[in-house]
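First comes the structure, then the notes that go with it.
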Amino acid sequence: MAELLPAATTSIPTPNDGAMQGQQQTETLPQTAARPNAPKQKMSYLKSVQQPLVPHFQHVPLRAAKKTFLDGEMRRIGIKYSYKGEPGIIYSSEETEYLASRLKFALVGKFFHGPLNLNFHRNRIIKLGLKGTVNIGRINLKHVLIRLDNEEDFSRLWLHGEWMFDNFHMREFKWSPNFDPQIESPIAPVWVQLSGLPVHLFEKNALFTFAAKIGKPLRMDEPTADMARPDLARVCMEIDLTVLE
Numbered sequence: 001m002a003e004l005l006p007a008a009t010t011s012i013p014t015p016n017d018g019a020m021q022g023q024q025q026t027e028t029l030p031q032t033a034a035r036p037n038a039p040k041q042k043m044s045y046l047k048s049v050q051q052p053l054v055p056h057f058q059h060v061p062l063r064a065a066k067k068t069f070l071d072g073e074m075r076r077i078g079i080k081y082s083y084k085g086e087p088g089i090i091y092s093s094e095e096t097e098y099l100a101s102r103l104k105f106a107l108v109g110k111f112f113h114g115p116l117n118l119n120f121h122r123n124r125i126i127k128l129g130l131k132g133t134v135n136i137g138r139i140n141l142k143h144v145l146i147r148l149d150n151e152e153d154f155s156r157l158w159l160h161g162e163w164m165f166d167n168f169h170m171r172e173f174k175w176s177p178n179f180d181p182q183i184e185s186p187i188a189p190v191w192v193q194l195s196g197l198p199v200h201l202f203e204k205n206a207l208f209t210f211a212a213k214i215g216k217p218l219r220m221d222e223p224t225a226d227m228a229r230p231d232l233a234r235v236c237m238e239i240d241l242t243v244l245e
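Here is the structure:
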């Protein structure tokens, strides 16, 4: 039987081309090689936007290339439309996935006692002992965007759930393209207790398969990993809480 538990709250203070140098290499193709009716392979949107820069722009410094729109490599994203005279743009699911890929390790921190002091809380988050880099920016008076660069730091902060910084309470949510500051995200890490499992199922792949029927498994606790508590397995999972209502 599975029991859902809330996340804990804690206070913290060239390859060889076969041609000899100086010689001209030629290649003769057999007649059967021509296939004029063969369909062209379609390149996905994500791969197309990841094509390298053209040679004439490779000399531009990385920071300048990041900021300029004049590199000749701009691609239009989305489809223009108009509704009641108001212009807009519609993005496909693939385009949205590409645009959000830079934020796969992003969290939203919500402070319940605003307005927040961004520099104060930025320094507190940086001092959490993260292994990678972290960038923190204000969304509004009560929300900050926390951008991390690795999964380990992302999991540590998100699974922790809530933090206290000198009596300032911050709750963290997983960022998504559907984020709305007015609505609390229903996606949350939840610890699920699995009781009555045969002990031979206390194995990483078996537990993952079993727990995946409920949500997205993230990790197990140490007693479960060590089989030190064979009567109970605990797995932390990413769950949409709205499906439980």
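By the UniProt record's numbering, the letter at position 99 of the sequence shown is numbered 99, and the numbering carries on one by one without gaps. Backbone N, C-alpha and C define an ideal beta-carbon position, used for all residues, glycine too.
Return the Cβ separation of Asp166 and Lys131 in integer angstroms, given the expectation that the two are a contact with Cβ distance under 8 Å.
The pair is not a contact, with the Cβ atoms about 24 Å apart (cut-off 8 Å).
Got a sec? Which residues, its chain only, sit under 6 Å from Met227 by beta carbon, not counting five neighbours each side?
Phe202
Taking 8 Å as the threshold (C-beta atoms), are Phe111 and Asn150 in contact?
no
Which residues mark the beginning and the end of the alpha helix (DSSP H) in which Asp180 is found?
Here Asp180 belongs to no alpha helix (DSSP H), and DSSP marks it neither H nor E.
From the DSSP output, read off the bridge partner residues of Trp163.
Met170
For Glu73, the first and last residue of its enclosing beta strand (DSSP E)
Segment: none, Glu73 is in no beta strand (DSSP E) and carries neither H nor E.
On the three-pair Cβ rule with 8 Å, is the segment 135 to 151 touching the segment 75 to 86?
no
Extent of the continuous beta strand (DSSP E) to which Lys216 belongs
216 to 220
Check whether the segment 236 to 243 touches the segment 190 to 210, taking contact to mean three or more Cβ pairs, one atom from each stretch, closer than 8 Å.
yes
Can you say whether Val199 is buried or exposed, counting buried as having 16 or more other CB atoms within 10 angstroms of its CB?
exposed
Please classify Tyr98: is it buried, with 16 or more other beta-carbons within 10 angstroms of its beta-carbon, or exposed?
buried
Pro223 to Pro217, Cα distance in whole Å?
17 Å
What are the boundary residues of the alpha helix (DSSP H) that includes Glu203?
Glu203 -> no alpha helix (DSSP H), and no H or E assigned at all.
Per DSSP, cross-strand counterpart(s) of Ser82:
Pro87
Look up His113 in the DSSP assignment and say whether it is helix, strand or coil.
coil
Should Arg102 go down as buried or exposed, given a rule of 16 or more other Cβ atoms within 10 Å for buried?
exposed
Pop quiz: Phe173 and Ser185 are said to be a contact at Cβ under 8 Å. What is the actual Cβ separation, rounded to whole angstroms?
4 Å
Nearest to Ser195 by alpha carbon, out of Pro181, Asp221, Ala233, Ser176?
Ala233
For Val243, is the classification buried or exposed, using 16 other Cβ atoms within 10 angstroms of its Cβ as the cut-off for buried?
exposed
Cβ shell of Arg229 (< 6 Å), same chain only, five flanking positions each side left out:
Pro223
Is it buried or exposed for Leu157, if we count other Cβ within 10 angstroms and need 16 for buried?
buried
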